[in-house]
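Protein chains in written order, with our numbering: chain A, 4 to 763; chain B, 4 to 763. The beta-carbon is built from N, C-alpha and C at its ideal position, and this holds for glycine as well. Each remark here refers to the structure printed beneath this line.
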């Protein structure tokens with residue numbers, strides 16, 4: 004009997020048995036009860052605010068904070084001089100908690116205040132007097148490369164944050180002997196992950212040097228290490244607890260480190276908890292969008308369509324600080340080379356500092372940007388060779404057993420099946436009058452082996468509770484992508500139990516096993532594998548304890564515990580038995596998945612992921628030939644993500660990822676005006692709304708991957724990768740001209756059609 | 004370098020290295036930053052309030068809640084009919100979350116409301132219409148025993164909640180053959196633990212049937228089980244997280260179950276978090292004080308002072324519901340029989356329902372009440388036999404190796420040394436003119452083997468963190484008594500580390516090992532032993548991992564890790580090594596202390612505790628012979644608590660416990676007016692303030708106990724036990740007359756001296 008007999012004012016049961024219901028966020032979200040970072044309140048909590056540079060580049064000559072301290076309710080005012088201000092960074096240590104001597108973009112953090120309410124904090128910001136000396140600023144990465152360009156970071160001559168020159172095979176010779184060489188230039192703007200919830204956090208420090216930060220992150224364990232090092236705290240003194248995450252899409256892998264560091268410093272200074280949150284405008288102006296890119300690409304083919312070589316010159320725009328932009332630039336500059344068999348590759352890539360918004364990462368990790376360029380060029384080649392773009396792709400596409408040009412070890416691959424199915428479903432050979440059709444193929448790592456130095460695996464704990472239910476402890480992160488639903492399915496299947504008997508415990512770096520977090524499509528493949536191993540271990544421990552308890556062999560079969568005598572044993576009996584004999588402990592299975600070593604050499608040659616996911620998307624579009632107005636009718640998304648363990652979650656990934664791909668292809672992109680973000684609101688920075696979403700058809704080619712749990716591979720990132728390329732090719736098919744700079748808007752299509760401005 | 008360079012507005016370092024500093028509460032408390040239950044706030048939180056019966060005994064004929072629902076801001080109004088209202092209880096299942104049909108005392112919970120603020124909740128209470136039919140009420144337990152008395156609980160004829168008739172040896176024969184029989188009657192009022200922080204909680208339920216209750220408890224794991232059962236929730240769905248505890252003294256072993264159950268039900272009904280807190284007045288009128296007692300006692304002695312037998316007739320006043328009052332009555336009725344060698348015992352004890360405040364437990368568990376009676380009677384006997392009360396006690400006192408009359412197995416005991424030292428220090432043979440001197444001896448269980456059915460032990464987890472520091476996970480509870488300081492000392496000593504490298508993690512039933520909690524003096528003895536075992540296991544695991552890492556044998560000596568080659572290894576290296584090989588796990592030692600079985604028979608004969616603590620207190624008092632005004636000059640507290648592992652904590656226990664003993668003896672006690680508490684505020688219910696505390700001298704006889712960690716035994720409860728008896732005897736010594744009903748006030752001394760009213 005339920006404890007409450009009354010008619011209940013709100014839905015409260017999660018008993019229907021669907022896997023999704025075991026995701027702790029789902030019910031909270033659909034009933035509006037989810038608690039996000041911005042909802043948090045702690046007793047005596049202060050509110051922090053940041054004073055930001057109004058100049059894109061300026062020397063900070065003098066800061067006077069006396070006026071701010073005079074504002075009633077102000078508890079702390081910090082500038083670079085008040086803190087040790089240790090440099091930190093994810094790849095390059097080019098940031099400090101507060102700008103010291105020099106501000107490098109409009110929005111650079113110069114001072115931070117904490118006060119009893121947001122109004123007092125805002126008043127305090129106004130009362131801080133700063134004397135700036137403006138410096139010449141650079142907004143264009145190609146200008147930043149010029150000899151006469153001002154140097155944005157003292158230790159970085161030439162403004163190059165990261166670069167690579169890479170050759171595989173003999174590209175010069177291949178180009179020289181080719182039947183056809185096609186080339187083009189493409190540009191892709193900076194794009195913000197635009198999660199619905201702006202980043203917010205509360206830092207709570209205490210008198211024993213403990214620091215707890217409440218904030219939703221994709222990689223809390225990794226952020227914890229960065230924060231401990233930057234603040235010179237013992238690692239075990241720092242704890243991150245995650246409220247519900249309002250989307251992440253890569254933007255919350257490291258979130259906004261500045262916010263966490265400054266709220267922590269203010270909390271350590273005042274001894275009170277300090278909340279900070281970004282406004283939507285700040286998200287656009289000081290949040291961390293993905294790098295913009297300019298790509299000059301050439302491709303060599305044989306007459307029969309065989310791909311011979313590709314050459315790329317890539318400049319990515321880093322903005323003022325680099326975060327993980329070097330890694331994104333690296334992925335952008337190489338991942339697509341493994342979609343097809345291309346034996347010869349030459350790539351020059353440079354990541355360049357400018358006085359603009361610092362950048363980071365986004366779902367797809369630059370892979371969708373390069374995919375747009377390369378897939379556009381493949382269609383150009385098909386046209387020149389009068390070959391069907393589908394057949395050209397099928398002829399060259401990567402297959403299981405391949406070791407690609409960069410050394411990726413393709414253990415499972417159904418890309419050709421994906422291409423064929425996408426073409427079949429979109430009606431490739433049965434086209435509608437007046438429509439354009441495009442296709443694009445993508446690859447993405449699933450379970451990076453190189454994302455966090457040499458830490459590659461994952462671990463999980465599965466516990467038998469005293470009431471016979473089981474709990475899985477995981478450090479992996481759920482942010483709407485369905486990871487926890489997948490874990491419940493994996494554990495339930497391993498244990499032979501109904502998913503309702505399982506609970507996921509998560510989001511507390513103190514309690515949950517260390518994890519790299521939700522990135523590089525590693526949740527299901529690597530995190531899920533650890534869950535599987537933990538569940539297997541728990542099963543073994545339960546059988547052992549039950550055998551000891553009954554004095555006869557016991558096996559766990561089909562969710563039941565049966566002794567050889569036929570006697571059935573309840574799980575709670577075994578739990579209590581163990582509880583008693585250990586004076587209070589629970590039976591806990593630990594699962595450690597240690598993936599094969601990455602064999603990755605200094606030229607970045609070698610396998611970089613446990614496995615790889617593949618996708619082919621086909622688009623059907625219509626273009627108004629008078630106005631250029633584009634209507635995307637349909638996206639057909641066909642995926643090889645191995646065996647699908649959590650179908651509702653996978654469906655969600657398809658709908659969300661394709662929609663974001665549509666945004667990337669046709670809507671989004673930063674617009675700058677002398678370093679200032681000109682479209683810093685959701686009114687000006689357009690993302691697709693529900694009304695803009697086309698019909699999305701999806702299909703899974705369910706081959707079993709040999710590494711992933713129950714044959715599963717990741718899906719979250721690859722789903723966005725082929726969308727812009729497929730749409731671009733469909734637009735070209737419809738109009739006969741090619742838009743080479745994203746986003747593909749009506750205006751650009753019009754100009755390309757009638758003025759030849761973007762013609763490729 | 005510290006992260007903040009600025010002069011800091013508040014103290015924030017806990018680096019001085021004293022054990023106390025490792026107690027996570029200490030710095031928070033002394034800087035005013037501690038977060039108590041009443042400070043908690045959760046987004047969208049509602050406030051709950053309770054409508055209480057104004058009648059001591061009444062039939063509830065009709066409840067109309069329509070008006071309450073009409074009050075703006077009201078979200079839920081619950082009465083017994085709205086909930087399943089399952090009966091629950093700690094010993095007897097005599098309570099329900101809300102009174103059903105009948106209210107049994109002034110304050111009985113009849114309805115509960117949740118609203119957006121406390122004002123709206125209060126208005127809603129006023130708007131509930133209840134029709135009562137008053138019933139005859141009983142306020143005196145002896146009247147409750149009469150045949151014609153109204154029956155307070157349907158299933159409890161005679162109003163007896165618990166009773167026992169016990170005989171050991173041959174008491175009748177011993178009394179018949181005695182040289183001297185002394186007798187007297189004593190009465191002890193109900194006393195409230197009067198923790199500084201009134202009980203408060205927040206219940207947070209979610210849509211997956213998870214229920215988290217934030218409240219400070221001495222036994223959260225046990226309360227969790229009671230709540231899960233009462234609310235018919237799976238145990239693993241209920242979690243209790245403890246904020247800082249503002250005192251407990253036994254009153255927070257189970258705290259206020261009504262409050263937790265009603266806030267949970269309101270939260271489950273509304274889907275919002277619900278806060279409830281008791282006012283100080285409610286603490287006195289509906290909180291759970293210790294039982295009052297009336298004791299008629301006789302004692303038989305030989306002429307040489309040898310104790311031959313004791314007979315007791317005890318009536319304890321249960322109030323309306325029983326909670327753990329049966330257990331307290333049981334301890335009250337037997338524990339003191341083991342202070343001395345008394346071969347023959349006859350005891351009749353009855354716990355009786357009345358229409359007054361329900362009772363529970365308090366530090367000392369009734370032992371101090373009975374001690375007052377028995378130790379007073381021993382002095383009466385000494386007077387009659389013209390023997391020195393000290394010598395009479397030394398002649399009869401329990402010694403190591405004894406098995407007492409109730410079967411207690413006394414493995415270590417320095418009671419005679421305590422008595423001698425107390426006498427020496429108070430100046431027993433060197434008395435000040437005009438002063439009275441009294442002495443009293445006490446025993447208390449240290450690590451009960453019977454408190455929670457057959458669960459007796461404790462477990463702990465010790466973890467090597469990635470930074471080389473170590474964390475101890477314990478389910479035991481700190482509430483100012485110094486348990487965590489003791490644990491840090493025990494772990495540090497086991498590992499050979501500085502205490503500053505250790506952190507205690509606690510107060511979360513989900514994360515910390517199951518524990519019976521802070522009761523029966525089990526923290527140091529049982530909890531500490533588990534910590535010791537966990538630290539030993541961790542040490543072994545660290546040595547093994549370090550040996551594997553270096554390829555040569557490694558030993559942990561004096562806080563360092565040294566390989567046989569002489570190479571020193573850092574702890575963080577070993578931690579990282581293990582972290583890597585397990586893909587993210589930490590090295591964790593689990594310690595399970597399983598104490599010897601209790602061998603406890605159906606007559607309650609047998610050993611009931613891991614070990615026993617002893618104490619002798621001596622008091623020096625002065626009585627104004629004209630007014631009766633009592634001045635306690637000095638209490639000398641001499642203790643056998645084995646080896647003292649945490650000296651600052653032990654000192655605190657002495658000061659606090661002696662002061663509470665003084666309150667019990669001379670200040671406190673409920674006053675009722677027809678079932679209504681007449682002194683329900685701290686103005687009327689007097690406890691000693693800092694100005695009332697006499698000089699307290701203390702001394703430890705540090706013998707090593709064979710079971711306790713490093714020879715330690717408990718101290719927390721025994722320290723209050725001898726105080727009232729020592730003061731009573733000193734007053735009798737000063738005045739020549741004896742006050743037999745507590746508290747011993749000037750008025751009572753005066754009346755006894757001049758009117759013979761309380762003469763014994």
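### Task
Report the residue ranges of all beta strand (DSSP E) runs contained in full by the region 405-456 of chain A; include only those spanning at least 3 residues, in chain order.
Taken in chain order, the complete beta strand (DSSP E) segments of 3 or more residues contained in the region 405-456 of chain A are 439-451.
### Task
Taking residue 333(A) as the reference, give the member of 301(A), 294(A), 56(A) with the closest Cα.
Reading the first chain from its first residue, position 330 is the one you call residue 333(A). Per the Cα distances, 294(A).
#### Entry: the region 474-487 of chain A: positions lying closer than 8 Å to chain B by Cβ
The region 474-487 of chain A vs chain B, Cβ under 8 Å: 474, 478.
### Proximity test, Cβ basis, 9 Å: residue 603(A) and chain B
Locating residue 603(A) in the first chain gives position 600, where the first residue counts as 1. Closer than 9 Å to the CB of residue 603(A) there is not a single CB belonging to chain B.
### Message
What are the residues in the region 555-588 of chain A lying within 8 Å of chain B by C-beta distance?
### Response
Hits within the stretch, in order: 582, 583, 584, 585, 586, 587, 588.
### Query
For chain B, is any of its Cβ atoms less than 9 Å away from the one on residue 458(A)?
Position 455 of the first chain holds residue 458(A). Residue-level contact check: residue 458(A) touches chain B, since one or more beta carbons of chain B fall below 9 Å from its beta carbon.
### Message
Less than 9 Å between CB atoms is the rule here; does residue 8(B) satisfy it with respect to chain A?
### Response
Here residue 8(B) is taken as the residue at index 5 of the second chain, counted from 1. Any Cβ of chain A closer than 9 Å to the Cβ of residue 8(B) would place that residue at the interface, and such an atom is present.
### Query
Curious, which full-length alpha helix (DSSP H) runs of at least 4 residues does the region 551-630 of chain B contain?
DSSP runs (the alpha helix (DSSP H)) wholly in the region 551-630 of chain B: 574-584.
### Message
For a minimum of 3 consecutive residues, which ranges assigned as the beta strand (DSSP E) are wholly contained in the region 632-693 of chain B?
### Response
Within the region 632-693 of chain B, the complete beta strand (DSSP E) runs of at least 3 residues are 633-643.
### Task
With a threshold of 16 other CB atoms inside 10 Å of the CB of residue 160(A), please say whether the residue is buried or exposed.
Looking up residue 160(A) in the first chain gives position 157. Residue environment: residue 160(A) is assigned as exposed (fewer than 16 neighbouring CB atoms within 10 Å of its CB, all protein chains considered).
### Task
Would you mind working out which of 596(B), 516(B), 350(B), 670(B) sits nearest residue 171(B), comparing C-alpha positions?
Along the second chain, read from residue 1 onward, the residue named residue 171(B) stands at position 168. The candidate whose alpha carbon is nearest that of residue 171(B) is 350(B).
#### Entry: Interface positions of the region 71-88 of chain A facing chain B (Cβ-Cβ less than 9 Å), listed along the chain
Cβ contacts with chain B come from 78, 79, 81, 84, 85, 86, 87, 88.
### Task
Could you tell me the distance, in whole angstroms, from the CA atom of residue 381(A) to the CA atom of residue 659(A)?
Along the first chain, one-based indexing puts residue 381(A) at 378. Along the first chain, one-based indexing puts residue 659(A) at 656. Rounded to whole angstroms, residue 381(A) to residue 659(A) spans 27 Å at the Cα level.
### Query
CB residue 296(B) to CB residue 338(B), shorter than 9 Å?
Indexing the second chain from 1 puts residue 296(B) at position 293. Indexing the second chain from 1 puts residue 338(B) at position 335. Judged by beta-carbon spacing, residue 338(B) lies beyond the 9 Å limit of residue 296(B), meaning their Cβ atoms are not closer than that value.
### Query
Quick one: does residue 825(B) have its CB under 9 Å from some CB of chain A?
Look at the range of chain B in this structure, 4 to 763, and you will see that residue 825(B) is not part of it.
### residue 64(B), DSSP secondary structure in three states
Numbered from 1 along the second chain, position 61 holds the residue referred to as residue 64(B). Look at residue 64(B) here: in three-state DSSP terms it is strand.
### Message
My assumption, with CB atoms under 8 Å, is that residue 521(A) sits in contact with residue 251(A). Please give the rounded CB distance.
### Response
Reading the first chain from its first residue, position 518 is the one you call residue 521(A). Reading the first chain from its first residue, position 248 is the one you call residue 251(A). Right, their Cβ atoms sit about 7 Å apart.
### Task
Report the residues of the region 271-303 of chain A with a CB closer than 8 Å to any CB of chain B, ordered along the chain.
Here the close residues are 271, 272, 273, 274, 275.
### Task
Let me know the secondary structure DSSP gives residue 252(B) once reduced to three states.
One-based indexing of the second chain puts residue 252(B) at position 249. The answer is coil: DSSP assigns residue 252(B) none of H, G, I, E or B.
### Task
Please go through the region 285-321 of chain A and give each complete beta strand (DSSP E) segment of 3 or more residues, from N-terminal end onward.
Complete beta strand (DSSP E) runs here, min 3: 295-304.
### Message
What would DSSP say about residue 700(B), mapped onto helix, strand or coil?
### Response
Working through the second chain from its first residue, we reach residue 700(B) at position 697. If DSSP states are grouped into helix, strand and coil, residue 700(B) belongs with the strands.
### Query
Nearest chain B C-beta to residue 235(A) closer than 9 Å, yes or no?
As a working mapping, residue 235(A) is identified with position 232 in the first chain. So, interface residue.
### Query
For the candidate residues 746(A), 486(A), 422(A), 614(A), whose alpha-carbon lies nearest to that of residue 727(A)?
The residue you call residue 727(A) lines up with position 724 of the first chain. Of 746(A), 486(A), 422(A), 614(A), the residue nearest in Cα terms is 746(A).
### Query
For residue 490(B), which beta-bridge partners are listed by DSSP?
Residue numbering aside, residue 490(B) sits at position 487 when the second chain is read from its first letter. Residue 490(B) is not bridged to any residue.
### Query
What in chain A is Cβ-close to residue 268(B), meaning under 7 Å?
The residue you call residue 268(B) lines up with position 265 of the second chain. For residue 268(B), the residues of chain A that pass the 7 Å Cβ criterion are 6, 7, in the order they occur in the chain.
### Task
Taking C-beta pairs closer than 8 Å, name the residues in chain A that residue 42(B) reaches, listed in chain order.
Working through the second chain from its first residue, we reach residue 42(B) at position 39. By Cβ distance, chain A contributes 46, 47.
### Task
Report the neighbours of residue 469(B) on chain A: residues whose CB is nearer than 9 Å to its CB, in chain order.
Residue 469(B) sits at position 466 when you count from the first residue of the second chain. Under a criterion of Cβ atoms nearer than 9 Å, the residues of chain A adjacent to residue 469(B) are, in order, 228, 238, 239, 517.
### Query
Counting only runs that start and end within the region 700-748 of chain B, where is the alpha helix (DSSP H) found for 4 or more residues in a row?
For the region 700-748 of chain B, the full-length alpha helix (DSSP H) segments reaching 4 residues or more read 726-738 along the chain.
### Query
Whose Cβ in chain A lies nearer than 8 Å to the Cβ of residue 596(B)?
Numbered from its first residue, the second chain carries residue 596(B) at position 593. By Cβ distance, chain A contributes 586.
#### Entry: Unbroken alpha helix (DSSP H) run spanning residue 232(A), endpoints
Position 229 of the first chain, counted from the first residue, corresponds to residue 232(A). 223-233 is the extent of the alpha helix (DSSP H) around residue 232(A).
### Query
In or out: residue 212(A) buried (at least 16 other Cβ within 10 Å) or exposed?
The residue labelled residue 212(A) in the question sits at position 209 within the first chain. Result: buried.
### Task
Quick one: residues in its chain with C-beta nearer than 6 Å to the C-beta of residue 363(B), no 5 flanking neighbours on either side, listed in chain order?
Walking along the second chain from the start, residue 363(B) turns up at place 360. Once the five neighbours on either side are set aside, the close Cβ partners of residue 363(B) are 291, 326, 327.
#### Entry: Minimum C-alpha distance to residue 545(A) - residue among 524(A), 515(A), 579(A), 608(A)
Counted from its first residue, the first chain places residue 545(A) at position 542. Among 524(A), 515(A), 579(A), 608(A), the Cα nearest to that of residue 545(A) belongs to 579(A).
### Assumed close pair residue 685(B), residue 255(B) - CB separation to whole angstroms, cut-off 8 Å
Translated into positions along the second chain, residue 685(B) becomes position 682. Translated into positions along the second chain, residue 255(B) becomes position 252. Between residue 255(B) and residue 685(B) the Cβ distance is about 18 Å, and since that is not below 8 Å, they are no contact.
### Query
For the beta strand (DSSP E) that residue 467(B) lies in, which residues bound it at each end?
As a working note, residue 467(B) is residue 464 in the second chain. Residue range 461-467 is occupied by the beta strand (DSSP E) that includes residue 467(B).
### Query
Cβ of residue 23(A) less than 9 Å from any chain B Cβ?
Taking the first chain and counting its residues from 1, one reaches residue 23(A) at position 20. Bear in mind that the predicted position of residue 23(A) carries a pLDDT of just 42, short of 50, making it unreliable; the figure below should be weighed with that in mind. With its beta carbon at least 9 Å from every one in chain B, residue 23(A) lies outside the interface.
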